[in-house]
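Peer 1: Take this structure, written in structure tokens, and hold onto it; I'll ask about it next.
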Amino acid sequence: MALISSSDRPLSFGLFFPRKPPSAGSTMTRLISEAPARSNIELGDVTYHNLKQLKKINTVVLPVSYNDKFYVDVLQSGELAKLAYYNDVVVGAVCSRIDTSENMRRLYIMTLGCLYPYRRLGIGTVMVQHILNCVERDGNFDSIFLHVKVDNKGAIEFYKRFGFEIVETKQHYYKRIEPADAHVLQKTLTKKAAVAAAAANSSNTTSQHHNSSDEE
Ligand SMILES: CC(C)(COP(=O)(O)OP(=O)(O)OC[C@H]1O[C@@H](n2cnc3c(N)ncnc32)[C@H](O)[C@@H]1OP(=O)(O)O)[C@@H](O)C(=O)NCCC(=O)NCCS
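Just so you know, we're using our numbering here: the sequence shown kicks off at 74 and counts up by one.
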């Protein structure tokens, strides 16, 4: 299983709890208190063997249920789908895919969630950051987007931290859940080609400027 350890990331992704002071308890108590104190967040691949864990996480965390085709497709997603582990226990997951509708190449976050007792520990951040790293490495996406229920204030606040904005509200987006409306949250990206073109343009302008100053 390819794991991405939070220890490779900035310290803000890792969590450190103070070591318990040594106590004169039983051997077992001493062993527990002497266990590594660091809490670790890691991402791992979705495989045929842990697919049921992914389904369980999505069922518990999200208001929408997904069919078998969804999960078959996720198995082919590579880095775009990950399970999140907190001290070796699966507690969250992200599933995304490439969307080429509307003459654009966009990354669509289909699901992202973390079990309730493990929220506000940085696990969602590690998952979003992983997806942002994927799109940045690729360098050829117009934007990254997702749907979120209009009353899901926590998720909206969460995504805004990463530069996502509400760009549209879709009425009656969800079936059988209330409220049925969804916001589209989107983060616009700059393609590598556009960055290179802008850099070339600016260096041309600079060299033209130098040339014309030479002539004076
Ligand atoms: C949204 C969600 C993924 C966030 O995961 P998480 O692991 O709790 O997020 P993090 O701990 O990385 O939070 C990072 C920051 O986002 C913001 N944030 C996260 N949850 C928030 C909430 N409920 N309310 C306000 N701000 C929130 C905070 O600024 C937080 O930093 P802080 O804890 O230092 O204040 C999680 O709440 C969840 O699983 N929700 C249910 C599923 C869902 O709604 N998914 C989104 C649609 S795909």
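Each residue gets a CB set at the ideal place from its N, CA and C atoms; glycine is no exception.
All values derive from a computational prediction rather than experimental measurement.
Which whole runs of the alpha helix (DSSP H) in the region 137-213 are 4 residues long or more, in chain order?
Peer 2: Listed in chain order, they are 141-148 and 196-211.
Peer 1: Using 10 angstroms around the beta-carbon of H122, count the other beta-carbons present and answer buried if the total reaches 16, otherwise exposed.
Peer 2: It counts as exposed.
Peer 1: DSSP puts F218 in a beta bridge; with which residues?
Peer 2: For F218, which the question treats as bridged, DSSP gives the partners Y181 and Q259.
Peer 1: Out of curiosity, what's the CA-to-CA distance linking D215 and E209?
Peer 2: Spanning the two alpha carbons is a distance of roughly 11 Å.
Peer 1: Given this structure, state the Cα-to-Cα distance separating I217 from N277, to the nearest angstrom.
Peer 2: Near 31 Å, if we compare the C-alpha coordinates of N277 and I217.
Peer 1: Under 8 Å, with one C-beta from each stretch per pair, do the region 199-209 and the region 146-163 reach the 3-pair mark?
Peer 2: With the cut-off at 8 Å, the region 199-209 and the region 146-163 touch.
Peer 1: Could you check whether V221 and H256 sit closer than 9 Å to each other, using their CB atoms as the reference points?
Peer 2: Yes, they are a contact pair.
Peer 1: Could you spell out the range, first to last residue, of the beta strand (DSSP E) harbouring H117?
Peer 2: Reading the sequence as shown, one finds Gly at residue 117 and not His. Element bounds for G117: I114 to D118.
Peer 1: Should the region 127-147 be called in touch with the region 176-191, which here means at least 3 C-beta pairs below 8 Å?
Peer 2: A contact exists between the region 127-147 and the region 176-191.
Peer 1: Evaluate M177 with the Cβ neighbour count: other Cβ atoms within 10 Å of its Cβ, from every protein chain shown; 16 or more gives buried, anything less gives exposed.
Peer 2: Per the 10 Å Cβ criterion, exposed.
Peer 1: Ligand 1 heavy atoms versus the CB of T198: any closer than 8 Å?
Peer 2: Yes.
Peer 1: Using a Cβ-Cβ cut-off of 8 Å (strictly less than) and excluding sequence neighbours within five positions of L135, which residues of its own chain qualify?
Peer 2: Result list for L135: T184 and G186, in chain order.
Peer 1: Skipping 5 residues on each side, what residues in its chain have a beta carbon closer than 7 Å to that of F237?
Peer 2: The residues are L258, Q259 and K260.
Peer 1: DSSP three-state call for I239: helix, strand or coil?
Peer 2: The answer is strand: DSSP assigns I239 an E or B state.
Peer 1: Does the Cβ of A269 have 16 or more other Cβ atoms within 10 Å, making it buried, or fewer, making it exposed?
Peer 2: Exposed: under 16 other Cβ atoms inside 10 Å.
Peer 1: If we ignore side chains and look at the alpha-carbon of each, how far apart do I114 and V162 end up?
Peer 2: Each residue's Cα considered, the two are about 9 Å apart.
Peer 1: Heavy atom of ligand 1 less than 8 Å from the Cβ of E238, yes or no?
Peer 2: No, the beta carbon of E238 sits no closer than 8 Å to any heavy atom of ligand 1.
Peer 1: For I204, count the other beta carbons within 10 Å of its own beta carbon; 16 or more makes it buried, fewer makes it exposed. Which is it?
Peer 2: Looking at its Cβ environment, which holds 16 or more other Cβ atoms inside 10 Å, I204 is buried.
Peer 1: Hey, is Y191 close to ligand 1, as in C-beta under 8 Å from one of its heavy atoms?
Peer 2: Answer for Y191: yes, Cβ within range of ligand 1.
Peer 1: Is the beta carbon of A166 less than 9 Å from the beta carbon of V240?
Peer 2: Not in contact: A166 and V240 (Cβ atoms no closer than 9 Å).
Peer 1: How many Å lie between Y181 and S275 at the Cα?
Peer 2: The straight-line gap from Cα to Cα measures roughly 32 Å.
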